[in-house]
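Numbering (my numbering), first residue to last: 94 to 135. The beta carbon of each residue, even a glycine, is placed where N, CA and C say it ideally should be. Below: one structure, written as structure tokens.
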């Protein structure tokens, strides 16, 4: 039996870690390319 794996983006991995650690507020840096992270937060 093989398990299907889902590819996780870096942004999704960060959001997953933040949730697992109980973080409820995060700040970004304007002008930095954080689009994948912001997309995962949405």
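To which residues of the same chain is residue i closer than 8 Å at the C-beta, ignoring the five residues directly before and after it?
i           : result
residue 107 : 130, 133
By DSSP, does residue i sit in helix, in strand, or in coil?
i           : result
residue 124 : coil
residue 110 : helix
residue 132 : helix
residue 65  : Lying before the first or after the last residue shown, residue 65 is absent from the chain, which here runs from 94 to 135.
What does the alpha-carbon distance come out to for the pair residue i and residue j?
i           : j           : result
residue 119 : residue 100 : 24 Å
residue 113 : residue 125 : 25 Å
residue 121 : residue 128 : 10 Å
residue 110 : residue 102 : 12 Å
Near residue i, what residues of its chain come up, given a Cβ to Cβ distance below 7 Å and the 5 sequence neighbours on each side ignored?
i           : result
residue 116 : none
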